[in-house]
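According to the working numbering, the residues represented by the sequence shown are 977 to 1226, in order.
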Amino acid sequence: KNLFLYLFILSFALCKPTIQKINALDGVLDLSDIQFSDSNVYKLEGNWEFYWNELLNPEDFLQKSNPSYIKVPRSWNGYNWNSKTIDAIGYATFRLKIKLPTESPPLAITMKEQGTAFKVIVNKEMIKESGKVGKDELSSIPRTLPLTIFLPKYKDEIEIIILISNFHYRKGGMWNPPVLGTHESISSYVKLKRDMELFLAGVIFIMIFYHLGLFLFYHIDRSSLIFSIFCFTIFMRLITTGYRLLAEQI
977 KNLFLYLFIL SFALCKPTIQ KINALDGVLD LSDIQFSDSN VYKLEGNWEF
1027 YWNELLNPED FLQKSNPSYI KVPRSWNGYN WNSKTIDAIG YATFRLKIKL
1077 PTESPPLAIT MKEQGTAFKV IVNKEMIKES GKVGKDELSS IPRTLPLTIF
1127 LPKYKDEIEI IILISNFHYR KGGMWNPPVL GTHESISSYV KLKRDMELFL
1177 AGVIFIMIFY HLGLFLFYHI DRSSLIFSIF CFTIFMRLIT TGYRLLAEQI
């Protein structure tokens, strides 16, 4: 049984696309010298342009100069903006330019939830939105679901603009870095993330009923009941965070 479990976990590790980390500097991520392949994905981490209390369209950047930068991933809570400390509530625009190699295949982007509603604009086109981004609590609708976006073939450069608003949670900002890769590598990356979460959820689900059964049939002490309740809370968190296994079934 242990051998089967080890082989199962090893199969996940071997099939998983390799995550490459190249940090963005001053809002620019230079991937012009890399070779995209179906076995690699790239986390879009580093310093993104950051515009607090502004929801900007692509054309608005023509009038912008001297942007601020914020490290991604992180909550914007506690970030110093114009000598003021930002709290959780508010909205902002993030922007990143990615320099591509001369012959770049069609790419895709996936990202887990952001805090707590967000819109993605790629090369001046609004691609997808999770929830409803707004400038106040009434106009903003939270929806912390992941997004996967399959892009056409672009030349030279990709501009990614992400608008985020938060009026409903104790932390706001870009919690999770977007991940970039070919269509095939992103599809594999997302599938393996979901499969791993499903596998772990299944293991914990079995543990819940096993320890609940021990309590119901033997009544020795309450430790089995307490442990089954503990496993249930982990199970619920697992299926409602990450790639949201529960939300996909609703």
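In this text, a Cβ means the ideal position worked out from N, Cα and C, and glycines have one as well.
Per DSSP, E1101 forms a beta bridge with which residues?
V1098
Burial state of N1029, where buried means 16 or more other Cβ atoms lie within 10 Å:
exposed
Flag this pair as touching only if the segment 1153-1165 and the segment 1111-1122 have three or more C-beta atom pairs under 8 Å; answer yes or no.
no
Please state whether DSSP places L1114 in a helix, a strand or coil.
coil
By Cβ distance, which residues of its chain are closer than 7 Å to D1063, with the 5 residues on each side in sequence left out?
Only N1053 meet the Cβ criterion.
Here's the rule: buried if 16 or more other CB atoms are within 10 angstroms of the residue's CB, otherwise exposed. What is K1095?
Its Cβ being crowded by 16 or more others within 10 Å, K1095 is buried.
Between L1020 and S1200, what straight-line distance do the alpha-carbon atoms span, to the nearest angstrom?
43 Å
Could you tell me the alpha carbon to alpha carbon distance between F1089 and G1003, rounded to whole angstroms?
One detail in the question is off: residue 1089 reads as Glu in this sequence, not Phe. Computed Cα separation, rounded: 21 Å.
If you count every other CB in all the chains shown that lies within 10 Å of the CB of L1076, and 16 or more means buried, which is it?
Buried, since its Cβ has 16 or more Cβ neighbours within 10 Å.
Can you give the Cα-Cα distance for P1081 and E1135, rounded to whole angstroms?
16 Å
Can the beta-carbon of G1022 be found closer than 8 Å to that of V1048?
A contact, by the Cβ cut-off of 8 Å.
From what residue to what residue does the beta strand (DSSP E) around L1123 run?
1123-1126
Simplified DSSP assignment, three categories, for K1088
coil
N-terminal and C-terminal residue of the beta strand (DSSP E) that G1216 is part of
In the sequence on display, residue 1216 carries Thr and not Gly. That residue, T1216, is in no beta strand (DSSP E); its alpha helix (DSSP H) goes 1199-1216.
Rank S1116, F1012, T1069 by C-alpha distance to the C-alpha of K1040 and give the top, closest one.
Comparing alpha carbon positions, the residue from S1116, F1012, T1069 closest to K1040 is T1069.
Residue of F1206, D1009, S1008 minimising C-alpha distance to F1181:
F1206
Among the residues of its own chain, which have a CB less than 7 Å from the CB of L1176, if the five just before and after it don't count?
L1214
Please report how far the alpha carbon of P1034 lies from the alpha carbon of I1137, in whole angstroms.
8 Å
Hey, out of S1013, D1036, E1105, N1056, whose CA is closest to I1140's CA?
E1105
Out of curiosity, what's the CA-to-CA distance linking K977 and V1179?
Its pLDDT being 46, under 50, K977 is placed unreliably in this model, and the value from its coordinates should be taken loosely. Spanning the two alpha carbons is a distance of roughly 14 Å.
Cα-Cα, which of T1217, K997, P1128, D1132 is closest to P1122?
T1217
When the Cα atoms are used, what is the spatial distance from L1127 to L1083?
5 Å
I believe L1005 touches L1072 by the beta-carbon criterion, under 8 Å. Please report the beta-carbon distance rounded to the nearest angstrom.
6 Å
Euclidean distance between Cα positions of A1093 and I1046
18 Å
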